[in-house]
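I have placed the structure first, in the form of structure tokens, so that the comments after it can refer back to it.
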Amino acid sequence: MRKPLVAGNWKMNGTNASNRQLLDDILTSIDDFADIDVAIFPPAVYIHQVREALKGTGIHWGTQNVSSYLEGPYTGEVSAAMINDFNCEYTLIGHSERRCLYDELNLDQLVLDQLLAEKYETAASSGLTPIICIGESPQEHDQGQTEEVVVRLLDTLIAHQGAKALSRTLLAYEPVWAIGTGKSASPEWAQNVHQFMRERVAKHDRKTAENLRILYGGSVKGNNAASLFSKSDIDGGLIGGASLIADEFVNICQAAAQHI
Ligand code: PGA
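Residues 785 to 1044 in the working numbering are what the sequence shown lists, from first letter to last.
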């Protein structure tokens, strides 16, 4: 059985004061997460604050990005070893906002997928659990290229690492047209893509595919989480906007706990 994960990606939001309030509110109202995993992804400068607030609570934390380099002259980057210093369990890799805003202008898609595979290798070999984000742009969606986009990154990862290596990772299907738009993918659409991803991995390694947790991300809220999580191949969510509102985030965690 796959344990659901609800991951709150704060993106570039928060201050010391607002984070403290949000974490307090989450911790006072969350009570039903023994059977699910919950994790918070604050901006890197607040990892220390989040660790201090969450240690001993059972909630994990992680970073929104990791460098593909181990150390050196890479201004502004954060390495896997630094992330480990703060007891992070997870790191996101390849979130579409990073791809679009920072990489896509300079890199062609295959080189970008390669870079993500390198980040994956660095993170996994440091003991972090990578959550690799995959999803089609609005244009790719309109042109019916979802499966092509998903396969390209999955195949690059498998070519780099072998399918077994995916047993140390999670995938997140995040259609770019659904992120921050309020327009979530339907549970049926998301289920089909998740199933397709799992079958693609199963072609290489059936057991790894069966155990692989695949999260859905894109406008998940308290009122649509239950229908998404009720689908058999959706193993939790990567939550952006709604993770900044304690009640919403707790409702999403409860929806995940009801669908184990
Ligand atoms: P959203 O973001 O929930 O605000 O759509 C999801 C994400 O970007 O991970």
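Quick reminder that beta carbons are idealized off the backbone N, C-alpha and C, glycines included.
Model, not experiment: these values are computed from the prediction.
So what's H844 in DSSP terms, helix, strand or just coil?
strand
Quick check on F980: does DSSP put it in helix, strand or coil?
helix
With distances taken between CB atoms, is the gap from I843 to A864 smaller than 9 Å?
A distance of 9 Å or more separates the beta carbons of I843 and A864.
Touching or not, the region 963-979 and the region 996-1008, by the rule of three or more beta carbon pairs under 8 Å?
Yes, the region 963-979 is in contact with the region 996-1008.
Please list, in chain order, all residues of the same chain as V977 whose beta carbon is under 7 Å from its beta carbon, the five residues on each side excluded.
T930, V934 and Y957
Examine the ligand PGA and report whether any of its heavy atoms sits within less than 8 Å of the Cβ of H879.
yes
Three-state secondary structure assigned by DSSP to C884:
helix
Distance, W845 Cα to C872 Cα
5 Å
Taking the alpha helix (DSSP H) that A993 belongs to, which residues open and close that run?
R990 to N995
Can you determine whether any heavy atom of the ligand PGA sits closer than 8 Å to the C-beta of A956, and answer yes or no?
yes
Counting only the same chain and skipping the five closest in sequence on each side, list residues whose C-beta sits under 7 Å from that of R997.
Once the five neighbours on either side are set aside, the close Cβ partners of R997 are R786, L789, L954, D1019 and G1020.
Beta-carbon separation of P734 and I942 under 9 Å?
There is simply no residue 734 to check, as the chain begins at 785 and stops at 1044 in what is shown.
Sheet register partners of A801 (DSSP bridge)
DSSP output for A801 lists no bridge partner at all.
Buried or exposed, going by whether 16 or more other CB atoms sit within 10 Å of the CB of I867?
buried
Quick check on the DSSP output: the alpha helix (DSSP H) that includes T940 runs from which residue to which?
T930 to Q945
Measure the C-alpha to C-alpha separation of S970 and Y858 and round it to an integer number of angstroms.
S970 and Y858: Cα-Cα distance of roughly 40 Å.
Apart from the five residues on each side of it in sequence, which residues of its chain come closer than 7 Å, Cβ to Cβ, to A908?
P914, A949, R952 and T953
Could you tell me if the beta carbon of V965 falls within a distance shorter than 8 Å of some heavy atom in the ligand PGA?
The residue asked about is misnamed: residue 965 is Thr in this sequence, not Val. Within the cutoff, so yes.
Measuring only the C-alpha atoms, how far is I1029 from I1023?
11 Å
Can you give me the start and stop residues for the alpha helix (DSSP H) that P959 sits inside?
From DSSP, P959 is part of no alpha helix (DSSP H); its letter is neither H nor E.
Residue closest to S852, alpha-carbon to alpha-carbon, out of G919, E902 and M981:
Closest in C-alpha terms to S852, from the list G919, E902 and M981, comes E902.
Assigned secondary structure, N793 (DSSP; H/G/I helix, E/B strand, else coil)
strand
Going by Cα to Cα distance, which pick from I831, D809 and D819 is closest to M796?
For the residues I831, D809 and D819, the minimum Cα distance to M796 belongs to I831.
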